[in-house]
Amino acid sequence: MKNSNATCPAPISSIEAHPLSIGITLQHLFLYIGAACTALTLLGTLWLVFRHLRRYTKPDEQRQIIRLVLTPLVYSIFSLITLADYGSADYLEPLPDLYEAFGLACLFVLFVHYMQPPVSVLSENKELMRSWVMVFQYPLIKLILTIAQLASTATGRYCEASANIHFGHIWIVIIGSASLTFCFVSILRFYKEYKLSMAAHKPMLKLVSFKLIVFIEFVRSLVFNFLDIPSGLSDNGTLSPRDIKYGIPSVIVVVEMLLFTIFFHYSFRCQMYKSTDPAMALGAAVVDAANPTDFLKHVARMFSILAGRGRALGSEESRPLQAVSSSDSASPYPSMGASPMPTAYRSDGGRLSRY
């Protein structure tokens, strides 16, 4: 009995299905659909990115936006590769989810830049510090879980079709879901607290559009991971077990991501960045947008909070953040090169500076 509990169900059959009446297999039909959708997603994404780069007037914000709008393309590309090679699916599946974790942290950073809190606020307000840690723990934990998933898949200890505690799948799902929950709840609380001050940027639209990707991908993964696939399909028809396991969910993803790309043209539109404002040259904007240094600094700040500031301020009373108008902050406090914003943060008694 113990051995049966620790045994992963046999992998699904890799036998090819019979061709359709049009002379190709269902996998190839899915591949053609996926290629067309991915090409359209690529064009739509590059066009939106190009429009932001041409109006690259607020790098701190638009760098995050560009990273976010690339998410559908990342999902679409990996799904297309899966459609071309079902055998690689188990190793490719966690990679776009890792980018999604990175994107959630970028969404939080975008909201923070909308508010422009000073550095003093981060070191004085326990609530903001806690949110920072709860958000940035997710991409780090997701990275560790992705490595663990790939390693356990290679050694046969992952077993996606089983919820048995002897395999890595159930633990990776539980830990990943808990980490995601902490991250998203922190972003949502930050939004609810300061949504009026960020209203001009339509943060709820951005939050919903990106969270929909997270939610839909979670549901799709849950359904197809535990779907009971009948055996012998390819012996009798044009639908193989791997078409159900890998083909159908992947073609669903590429269609969904095309729709999200269209939606992102509205939720992450560039019109609010005026073309008449001073902007970086296109080449410099590309280099700046592709530079990951700021994200690494944000991760380092999380460790700084955990290692020092969090303990130092553990016994202090939290100082609430207050949104103030730009007229209150523009004159007496230097922006140090930051783009002027409609609102800024101020901690009670704190000094405003560039965040």
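With the UniProt record's numbering as the guide, the letters of the sequence shown map in order to residues 1 to 355. Don't be surprised by glycine CBs; every beta carbon is placed ideally from N, CA and C.
Applying the 10 Å Cβ sphere with the 16-neighbour rule, what's the burial state of Arg319? Taking the first residue of the sequence shown as position 1, residue 319 is located at position 319. Per-residue confidence for Arg319 stands at a pLDDT of 42, beneath the threshold of 50, marking its modelled position as unreliable; no derived number is given.
Uninterrupted alpha helix (DSSP H) stretches inside the segment 103 to 183 (no shorter than 4 residues): Those alpha helix (DSSP H) runs which fall completely within the segment 103 to 183 and span 4+ residues are 119 to 124, 126 to 154.
From Arg220 to Lys202, what does the alpha carbon distance come to, in whole angstroms? Numbered from its first residue, the sequence shown carries residue 220 at position 220. Numbered from its first residue, the sequence shown carries residue 202 at position 202. Our two residues, Arg220 and Lys202, have alpha carbons roughly 28 Å apart in a direct line.
Judging by CA-CA distance, which residue of His265, Phe184, Ile244 is the nearest neighbour of Ile15? As a position in the sequence shown, residue 15 is number 15, starting the count at 1. Looking at the Cα atoms, Ile244 is the closest of the given residues.
Gln64 to Phe50, Cα distance in whole Å? For the purposes of this step, residue 64 is taken as residue 64 along the sequence shown, with counting starting at 1. For the purposes of this step, residue 50 is taken as residue 50 along the sequence shown, with counting starting at 1. Looking at the two C-alpha atoms, the distance is approximately 14 Å.
Among Pro19, His265, Ser304, Arg301, which one has its Cα closest to the Cα of Leu43? Numbered from its first residue, the sequence shown carries residue 43 at position 43. Out of Pro19, His265, Ser304, Arg301, the CA that lies nearest to the CA of Leu43 is found in His265.
Across the segment 183 to 191 and the segment 121 to 140, are there enough close Cβ pairs to call them in contact, namely three or more that are closer than 8 Å? yes
Could you say if the segment 97 to 108 and the segment 210 to 217 meet the contact criterion of at least three C-beta pairs nearer than 8 Å? yes
Status (buried if at least 16 other CB within 10 Å, exposed otherwise) for Gly156: Numbered from its first residue, the sequence shown carries residue 156 at position 156. Burial call: exposed.
Helix, strand or coil for His52, going by three-state DSSP, please let me know. Against the sequence shown, residue 52 aligns to sequence position 52. DSSP places His52 in helix when its eight states are reduced to three.
Please go through the same chain and pick out, in chain order, the residues whose beta-carbon is closer than 7 Å to the beta-carbon of Leu110, but skip the five residues on each side of it. The sequence position of residue 110 within the sequence shown is 110, counting from 1. So the qualifying residues of the chain are Glu61, Gln64, Ile65.
Taking the alpha helix (DSSP H) that Arg67 falls in, what are its first and last residues? Here residue 67 refers to the residue found at position 67 of the sequence shown. In this chain, the alpha helix (DSSP H) harbouring Arg67 covers 59 to 69.
Quick one: is Ser21 buried, meaning 16 or more other Cβ sit within 10 Å of its Cβ, or exposed? The count along the sequence shown starts at 1 and reaches residue 21 at position 21. Result: exposed.
Per the contact definition of three or more C-beta pairs closer than 8 Å, is the segment 29 to 40 in contact with the segment 173 to 183? With a cut-off of 8 Å on Cβ pairs, the segment 173 to 183 is not in contact with the segment 29 to 40, counting fewer than three such pairs.
Cβ-based burial, Ala285 [other Cβ within 10 Å; buried from 16]: Reading the sequence shown from its first residue, position 285 is the one you call residue 285. Per the 10 Å Cβ criterion, buried.
Quick one: measure Cβ to Cβ for Pro96 and Leu150, integer angstroms, because I've assumed they're closer than 8 Å. As a first step, residue 96 must be located in the sequence shown, where it is residue number 96. As a first step, residue 150 must be located in the sequence shown, where it is residue number 150. With a Cβ gap of about 14 Å, Pro96 and Leu150 do not count as contacting.
Mind checking which residues open and close the alpha helix (DSSP H) that includes residue 395? The shown model of the chain, from 1 to 355, leaves out residue 395, and the question about it has no answer.
Do Ser267 and Ser209 have their CB atoms nearer than 8 Å? As a working mapping, residue 267 is identified with position 267 in the sequence shown. As a working mapping, residue 209 is identified with position 209 in the sequence shown. Cβ atoms of Ser267 and Ser209: closer than 8 Å.
Go through its chain and collect everything with a Cβ distance to Thr153's Cβ below 6 Å, but skip five positions before and after it. As a position in the sequence shown, residue 153 is number 153, starting the count at 1. Correct list, in chain order: Asp90.
Tell me whether the beta-carbon of Arg242 lies closer than 8 Å to the beta-carbon of Ile81. To locate residue 242, count along the sequence shown from 1; it is residue 242. To locate residue 81, count along the sequence shown from 1; it is residue 81. Contact flag unset, no.
Euclidean distance between Cα positions of Val254 and Ala307: The residue labelled residue 254 in the question sits at position 254 within the sequence shown. The residue labelled residue 307 in the question sits at position 307 within the sequence shown. The straight-line gap from Cα to Cα measures roughly 42 Å.
Since His298 is in the alpha helix (DSSP H), which residue starts that stretch and which ends it? Along the sequence shown, read from residue 1 onward, the residue named residue 298 stands at position 298. From DSSP, the alpha helix (DSSP H) with His298 extends over 293 to 304.
Can you tell me the Cα-Cα spacing of residue 356 and Gly237, whole angstroms? Within the shown structure, residues of the chain are numbered from 1 to 355, placing residue 356 beyond reach of any answer.
Answer with buried or exposed for Ala199, where buried requires no fewer than 16 other C-beta atoms within 10 angstroms of its C-beta. In the sequence shown, counting from the first residue as 1, residue 199 sits at position 199. With a 10 Å radius around the Cβ and a threshold of 16 neighbouring Cβ atoms, Ala199 comes out exposed.
Please tell me whether Ser304 and Ser79 are closer than 8 Å, where the distance is taken between their beta carbons. Translated into the one-based positions of the sequence shown, residue 304 becomes position 304. Translated into the one-based positions of the sequence shown, residue 79 becomes position 79. No.
For Pro72, does the count of other Cβ atoms within 10 angstroms reach 16, so buried, or fall short, so exposed? Mapped onto the sequence shown, residue 72 falls at position 72. Per the 10 Å Cβ criterion, buried.
Step through the CB atoms of chain B and report whether any lies within less than 8 Å of the CB of Pro72. No chain B appears in this structure, which consists of one protein chain only.
Quick check: the Cα distance between Ile175 and Asn164, rounded to an integer number of angstroms? By one-based count along the sequence shown, residue 175 stands at place 175. By one-based count along the sequence shown, residue 164 stands at place 164. Approximately 15 Å, taken between the alpha carbons.
Rank Thr7, Thr57, Thr45 by C-alpha distance to the C-alpha of Met272 and give the top, closest one. Taking the sequence shown and counting its residues from 1, the one referred to as residue 272 is at position 272. Comparing Cα-Cα distances from Met272 to each of Thr7, Thr57, Thr45, the minimum goes to Thr57.
What are the complete alpha helix (DSSP H) segments, minimum 4 residues, inside the segment 71 to 104? 71 to 84, 89 to 92
Taking the beta carbon of His18 as the centre, do at least 16 other beta carbons fall within 10 Å, making it buried, or is it exposed? Start at 1 with the first residue of the sequence shown, and residue 18 comes out as number 18. It is exposed - the Cβ of His18 has fewer than 16 other Cβ atoms within 10 Å.
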